[in-house]
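**Student:** Residue numbers (my numbering), protein chains in the order written: chain A, 3 to 120; chain B, 3 to 120; chain C, 3 to 120; chain D, 3 to 120.
Cβ coordinates follow ideal geometry from the N, Cα and C atoms, glycine included.
I'd like to ask some things about the structure below.
4 protein chains.
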Amino acid sequence: MEFNNNISIFLQIAESIRDDILAEQYPPNSKLPSVREMAAQLGVNPNTVMRAYAHLQSFGFISNRRGIGFFVPGDAIEQIKEGMRKDFIENDLPKILTKMKVLGIDSKTLIDSFKANL
Amino acid sequence: MEFNNNISIFLQIAESIRDDILAEQYPPNSKLPSVREMAAQLGVNPNTVMRAYAHLQSFGFISNRRGIGFFVPGDAIEQIKEGMRKDFIENDLPKILTKMKVLGIDSKTLIDSFKANL
Amino acid sequence: MEFNNNISIFLQIAESIRDDILAEQYPPNSKLPSVREMAAQLGVNPNTVMRAYAHLQSFGFISNRRGIGFFVPGDAIEQIKEGMRKDFIENDLPKILTKMKVLGIDSKTLIDSFKANL
Amino acid sequence: MEFNNNISIFLQIAESIRDDILAEQYPPNSKLPSVREMAAQLGVNPNTVMRAYAHLQSFGFISNRRGIGFFVPGDAIEQIKEGMRKDFIENDLPKILTKMKVLGIDSKTLIDSFKANL
DNA sequence: GTGGTCTAGACCACC
DNA sequence: GTGGTCTAGACCACA
């Protein structure tokens, strides 16, 4: 896996796993690869994966069972979508809107891009 | 000034100055406060302000005359708008659109927010 | 059974069994479920139950007869109460008291809670 | 500093710092020792101190300024007391009370200990 | 086998 | 100088 240098690797890993859960590559109620295994796959130190897992767990996006491993909760997809949605509306949207206003980009541009992208 | 700890302070300062130029608080062809002065105003290390100025200069948003100070070029506003617009379309838009698709946010929500915000 | 992830599962099981003995759900002189049986009931690895049993045995709260199983001794309830009482006075009380002092919680609050809880 | 083996070192450090803040050994608005300095003092790896600081920060008990260091917020003491008080009432109290009921310890014992300890 | 913690040591961006 | 991240490697309790 290739990493972007401006964002911490563990965050990139966490986001990538989060997206994989959304894409049901790690379906609800399944077990995630062990820390060591995931680390080997990504060519990264186990500690870094551990941090990514812990980060996801702090949001309730994954859970763990002692001595067994990390799991995707049954309601993970809803949890993640809800969290991202909230974040989008609270943080992203205001920034986007003020930026558009300042730049004089009208909603048409946005809608057209949106439709073209469906 | 209050700073968000997740983004470098010099970047936050640079953005704030950029916005002040757009708002003509620092009008075209005017002189910006000296590095020391600005640092005192913001309660920040002069090095940090220097870096913010350098950053803005690298985009051509401000210019400096050695021994005199930093200035807002006559065409600063167009420069800034042009740069931000390009950045918005190349970087922000794609991210926003994929995120919206994943989250199932439709264009209506976006348009409504946009109109409510006019 | 639901487990708290911050405490070892075997300890949680041991405490739960201890409480069940106090509640005479496993009365004095009765035989405890076999390790395998208990493990199946709890949805847990037999090793984990074995460890819980061993832990209880180390306090004399249960005893085992080789090849037969684990038993609740005739004086188990007194043993357990005695042990817990000692532990409470030696370990819990001092911590509670210093914490209350630091937090400025007065004895009234405590007594009221106690009475309300009778 | 001596560490208890059953609790993670970083948690013990965090608790100890928290108590030092309460005792105004690190008074409000003062700067905490740098991560490296504290690590040297405690004979511990800087990462471990970093984790303790991060843990305290996650509760809002300390804060940091980029490139400068960690600080004790002006309202740290109230924050900490409030947090501990809540924890005491929600988590500690119920456990204490049921334990006392089971063991047949009456409120008198508790009150006497409390008074003797003033 | 699993997670969880810790160390030693390094490198980086930032102030 | 400061925090922040990462690696390599180790050890532990637990399942």
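1. Apart from the five residues on each side of it in sequence, which residues of its chain come closer than 8 Å, Cβ to Cβ, to N6(C)?
2. Would you give the residue range spanned by the beta strand (DSSP E) that S32(D) belongs to?
3. Which chain C residues are close to R68(A), counting only those with a beta carbon under 8 Å from its beta carbon?
4. Does the Cβ-Cβ distance between S109(C) and I113(D) come in under 7 Å?
5. Mapping the DSSP letters down to three states, classify G45(D) as helix, strand or coil.
6. Grab the span of the alpha helix (DSSP H) containing G85(A) for me, first residue to last.
7. Output needed for G62(B): all residues of its chain with C-beta closer than 6 Å, excluding positions within five of it in sequence on either side, in chain order.
8. So with CB distances below 7 Å, who are the chain A contacts of V104(B)?
9. Please check if any C-beta of chain D sits within less than 7 Å of the C-beta of K88(C).
10. With DSSP collapsed to three states, give me the class of S109(B).
11. From what residue to what residue does the alpha helix (DSSP H) around F12(C) run?
12. What first and last residue would you give for the beta strand (DSSP E) that runs through R67(C)?
13. Rounded to the nearest angstrom, how far is the Cβ of V74(A) from that of M52(A), given a contact under 8 Å?
14. By the criterion of Cβ-Cβ separation under 7 Å, what are the contact partners of L95(A) in chain B?
15. With G71(D) as the anchor, note down where its beta strand (DSSP E) starts and where it stops.
16. According to DSSP, is Q27(C) part of a helix, a strand, or is it coil?
17. Please name the residue in F12(B), G71(B) and G76(B) whose C-alpha comes closest to that of I23(B).
18. Can you give me the Cβ contacts of M3(D) inside the same chain, cut-off strictly under 6 Å, excluding the 5 residues immediately before and after it?
19. Look at the alpha carbon of K20(C) and the alpha carbon of L34(A), and state the distance between them as a whole number of angstroms.
20. According to DSSP, is E4(B) part of a helix, a strand, or is it coil?
21. For A118(A), count neighbouring Cβ atoms within 10 angstroms of its own Cβ and tell me buried if that reaches 16, exposed if not.
22. Roughly how many angstroms separate the alpha carbons of R68(B) and N49(B), rounded to a whole number?
23. Residues of chain B with a CB under 9 Å from the CB of I79(A): which are they?
24. In three-state terms, what does DSSP make of S36(B)?
**Tutor:** Short version:
1. Q14
2. Careful: S32(D) lies outside any beta strand (DSSP E) and carries neither H nor E.
3. Taking a Cβ-Cβ threshold of 8 Å, the residues of chain C close to R68(A) are F5, N7, S10 and I11, in chain order.
4. Yes. Within cutoff.
5. coil
6. A78 to D89
7. Apart from sequence neighbours up to five positions away, the residues of its chain that approach G62(B) with a beta-carbon distance below 6 Å are Q81, ordered along the chain.
8. What V104(B) touches in chain A: L24.
9. Not closer than 7 Å to any Cβ of chain D, the Cβ of K88(C) fails to qualify, so no.
10. helix
11. I11 to L24
12. S65 to R67
13. Not a contact, Cβ separation roughly 17 Å.
14. Chain B residues near L95(A): S115.
15. G71 to F73
16. coil
17. G76(B)
18. Cβ neighbours of M3(D) beyond the five flanking positions: L44.
19. The displayed chain sequence assigns Arg, not Lys, to residue 20(C). Between R20(C) and L34(A), the alpha-carbon positions lie close to 35 Å from each other.
20. coil
21. exposed
22. 17 Å
23. Ordered by position in chain B, no residue passes the 9 Å Cβ test against I79(A), which lies about 11 Å from the chain.
24. coil
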